[in-house]
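Q: Once you've had a glance at the structure underneath, I'll fire off some questions.
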Amino acid sequence: MKTLILSFLLFNLSLSASPFIEPAKKAFAATVLILADGKKQSGFLASPDGAVITLYHPLKDAENITIEKDRIFYSATFLSGNTETDIAILQIPGHNFPYLEVASSRDILPGQWALIAGFPTRRLSVRRALISSLDREFLIVDTPFNKGELGGPLLNLEGDVIGINCSNKENLGLSIPLD
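For the sequence shown, the working numbering assigns the number -17 to the initial residue and increments by one for each residue that follows.
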């Protein structure tokens, strides 16, 4: 009986000590769903005044862009986008939004854990990924992104954004570094 109780306590302690809980909370607070001309993608709030960062190419010809945050729908303004970097900046009205900090990806090493945040369905999800490789253009993770996760953040274990989830190749996910 003592062994069972000790096992239960150690199991619960390991759950509360998970390195993924705090960054997941940050991701849940600041990741948004973007709806544009019948298509969906993810993005994240990058400032308290409603700046949203996401992928550019799915939005470049969009006429109507709506952002859903906490079941509230906002009409978004397209501020800028770049085909070279494939990054877009949108704006929604409001203040005091929770937001994610952007961190350098230069210190990231293969074998480090990261979190993928996005909307594979109409519900936000966060899951872990392992940084598999680095190259000049992409951070490469060991799992492909679901379609609705594209445009969403790839976070380090501090909860800071290190990349934007952009595409898949041979069962790997490719994320654009933001530095």
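Beta carbons: idealized from backbone N, C-alpha and C, even for Gly.
Out of L116, L137, Q73 and E131, which one is the CA nearest neighbour of F101?
A: E131
Q: For the alpha helix (DSSP H) that F10 lies in, which residues bound it at each end?
A: I3 to A12
Q: Going straight from the alpha carbon of L(-12) to that of R53, what length do you get?
A: Residue confidence for L(-12) is low, a pLDDT of 45 falling below 50, so the modelled location carries little weight; the figure read from the coordinates is stated next. Each residue's Cα considered, the two are about 42 Å apart.
Q: Do three or more CB pairs link the stretch 105 to 119 to the stretch 62 to 73 at distances below 8 Å?
A: no
Q: Taking the alpha carbon of A11 as the reference point, which residue from D161, E83 and Q94 has its own alpha carbon closest?
A: E83
Q: Looking at the structure shown, is K129 part of a helix, part of a strand, or coil, going by DSSP?
A: helix
Q: Quick test of your reading: N153 and P135, contact by CB under 8 Å. State the CB separation rounded to the nearest angstrom.
A: The pair is not a contact, with the Cβ atoms about 21 Å apart (cut-off 8 Å).
Q: Helix, strand or coil for I98? Go by DSSP, reduced to three states.
A: strand
Q: So which of T103, S86 and I144 has the shortest CA-CA distance to V14?
A: T103
Q: How big is the Cα-Cα spacing for G145 and P75?
A: When rounded, the distance between both Cα atoms is 25 Å.
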